[in-house]
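The number in this note's numbering is simply the position in the sequence shown, starting from 1, with 63 added. Idealized CB from N, CA, C, for every residue including glycine. A short write-up of the structure that comes next.
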Amino acid sequence: MYQGPARCLCPLLRRAATASTAPPPPRAGGTGEGGSGAGTATLRGARRAPHGFSSSLGCPMGGGGSRLYGALAQTLSSTSGSGTSSATAAAAAPRERRGQPEAEPEPLEARELLAQCRLVLRRRPPRCRRRFVDLRQGAAGGPRPIRVMQWNILAQALGEGKDNFVQCPMEALKWEERKCLILEEILAYQPDILCLQEVDHYFDTFQPLLSRLGYQGTFFPKPWSPCLDVERNNGPDGCALFFLKDRFELINSANIRLTAMKLKTNQVAIAQTLKCHETGRLFCIAVTHLKARTGWERFRSAQGCDLLQNLKSITQGAKIPLIVCGDFNAEPTEEVYREFSNSSLNLNSAYKLLSPDGQSEPPYTTWKIRPSGECRHTLDYIWYSQHALNVNSALGLLTEEQIGPNRLPSFNYPSDHMSLVCDFSFNQDPDRLL
């Protein structure tokens, strides 16, 4: 039984709390890049324990939120629509912002941080175990696969202030512990690429932590985030994209403010072209979060069409393989799902491959209880270029028994959405299915 939060932080986390400072503003151009992470602190080898995690777990809600929002609002005003920035400019921007070279963050053992997260979580139930399903058609071999994680992590301000999860105790939503659950999930699966939605603790938690693990990050906030309506918020939420610097090189990056009916909307996307160090192959990775709520189906459809048009340009009409991660807020019966399925980019939904016939989406990716009743939907997807990429494996979803009668979020799962994780490999004959 849960006995209340851990009141005593271990020394590493305590030092981080006293040493935290106001987050730096993102660079001009709106990428919010954290590209100065430690080059030596990386995930190496086939899914062995990572190293290089930060000593900081960030600071609680509030404290600098207004300064952060001011910087982000200025960023957004300079990047309405889509834009592309070179990797060179992205890496140089933080130094230009402060007028001096950035110090390399000190790498730390991720095992140590993971142990400290578990110490904070020691009174909670253990994290639910999920298994990967092998989807390979032939024998294993070739270059190391690319592991991609898609996850709407639930914005802290929304979880505590707006979403009204009536069966979830407020104690389960406290950031000091919930962030440790999020980190534990990420560390458990060690993604090469991490695509997140509803991120409202980028600068004080995820960017400093993941940069010390060897990731380079980009953050693009919503222009009018609902988080800002919540008292003592931590700034706007948005999409974040991280990739391991020892596995990939950033070729270009585009922040896209989605349009619908020729109008700019409150939803955004990030699309980055990466080069795989091991194979020399280029591919594009994108993350997005479409408009929520019933009644906005046509709006989501228009946003999806806009995103596809942008991605067609970025991938040169599907010449560059593509992976699109997102919370689409749309069931497979919606028009925006059909648009992605029938796109000239030749996309397929990776999690369909878990079904017996390979044609059906999972029964749910989110499951919660609100005052209006129980909400069980399939809204989250990982789309991929099926002519150029193979899905080697996919992480199975939580069972109803694991989720429990009070649904999500809970004391042992930090979000109302489940993470999706897939291992991809390049097709050796990319033109054969075109």
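Could you have a look at Glu524 and say whether DSSP puts it in helix, strand or coil?
In this structure the chain extends from 64 to 497, so residue 524 is not present and cannot be described.
Between the alpha carbons of Glu464 and Arg433, how many angstroms are there, rounded?
19 Å
Name the one or two DSSP bridge partners that His480 has.
Thr429
Quick one: is Leu106 buried, meaning 16 or more other Cβ sit within 10 Å of its Cβ, or exposed?
Low confidence applies to Leu106: its pLDDT is 44, below 50, so where it sits in the model is not reliable, and the reading given next is rough at best. Under this definition Leu106 is a buried residue.
What three-state label does DSSP hand Pro284 in the structure shown?
strand
Are Thr351 and Gln330 close, meaning C-beta to C-beta below 9 Å?
yes
For Val350, write down the residues that DSSP places opposite it in a beta bridge.
Ile333, Cys388
Please classify Asn373 as buried or exposed, where buried requires at least 16 neighbouring CB atoms within 10 angstroms.
buried
Beta carbon of Phe391 nearer than 9 Å to that of Arg363:
yes
Mapping the DSSP letters down to three states, classify Ala156 as helix, strand or coil.
Only weak support is given to the placement of Ala156: the predicted model assigns it a pLDDT of 43, under 50, and the question is left unresolved by the model.
Between the C-alpha atoms of Gly277 and Gln253, what's the straight-line distance to the nearest angstrom?
11 Å
Relative to the C-alpha of Pro477, which candidate in Pro232, Ile245, Ile256, Arg186 has its C-alpha closest?
Ile245
Just checking, does the stretch 438-447 make contact with the stretch 377-395 on the three C-beta pairs under 8 Å criterion?
yes
Between Gln260 and the rest of its own chain, which residues show a CB-CB distance below 6 Å, the 5 nearest in sequence each way excluded?
Asn215, Cys302, His352, Asp390
Quick one, which of Ala251, Asp292, Ala334, Leu304 has its alpha-carbon nearest Ser316's?
Ala334
Counting beta carbon pairs with one atom in the stretch 277-291 and one in the stretch 230-245, are three or more of them shorter than 8 Å?
no
Option in Asn453, Leu471, Asn469, Leu460 with minimal Cα separation from Arg199:
Asn453
Contact set for Ser149: own chain, Cβ-Cβ below 7 Å, skip 5 residues either direction:
Legend: pLDDT at Ser149 = 40, less than 50; position of this residue unreliable, value from coordinates given subsequently. Result list for Ser149: Asn315, in chain order.
Asp267 to Ser448, Cα distance in whole Å?
34 Å
Mind listing, in chain order, the continuous beta strand (DSSP E) runs of no fewer than 3 residues lying wholly within the stretch 217-289?
256-262, 278-284
Counting C-beta neighbours from all protein chains within 10 Å, is the total for Ala300 16 or more, i.e. buried, or is it exposed?
Note on identity: in this sequence residue 300 is Asp, with Ala being the wrong assignment. It is buried - the Cβ of Asp300 has at least 16 other Cβ atoms within 10 Å.
Give a yes or no on whether the C-beta atoms belonging to Ala451 and Pro384 are separated by under 9 Å.
yes
Where Arg530 sits in the DSSP three-state scheme
A query on residue 530 cannot be resolved here, the shown segment of the chain reaching from 64 to 497 and no further.
Since Ala413 contacts Val293 with CB under 8 Å, what's their CB separation in whole angstroms?
The Cβ separation is near 34 Å, so there is no contact.
Beta-carbon proximity list for Cys438, same chain, < 8 Å, skipping 5 on both sides:
Thr429, Trp430, Lys431, Ile432
Alpha-carbon to alpha-carbon, Ala365 and Val262:
24 Å
Taking the beta strand (DSSP E) that Asn36 belongs to, which residues open and close that run?
Here the chain has residues from 64 to 497 only, and residue 36 is not among them.
Confirm, please, whether the CB-CB distance from Gly421 to Phe195 is below 9 Å.
no
Pick helix, strand or coil for Phe474, following the three-state DSSP scheme.
coil
Using only the alpha-carbon positions, how far apart do Leu416 and Ser423 sit?
8 Å
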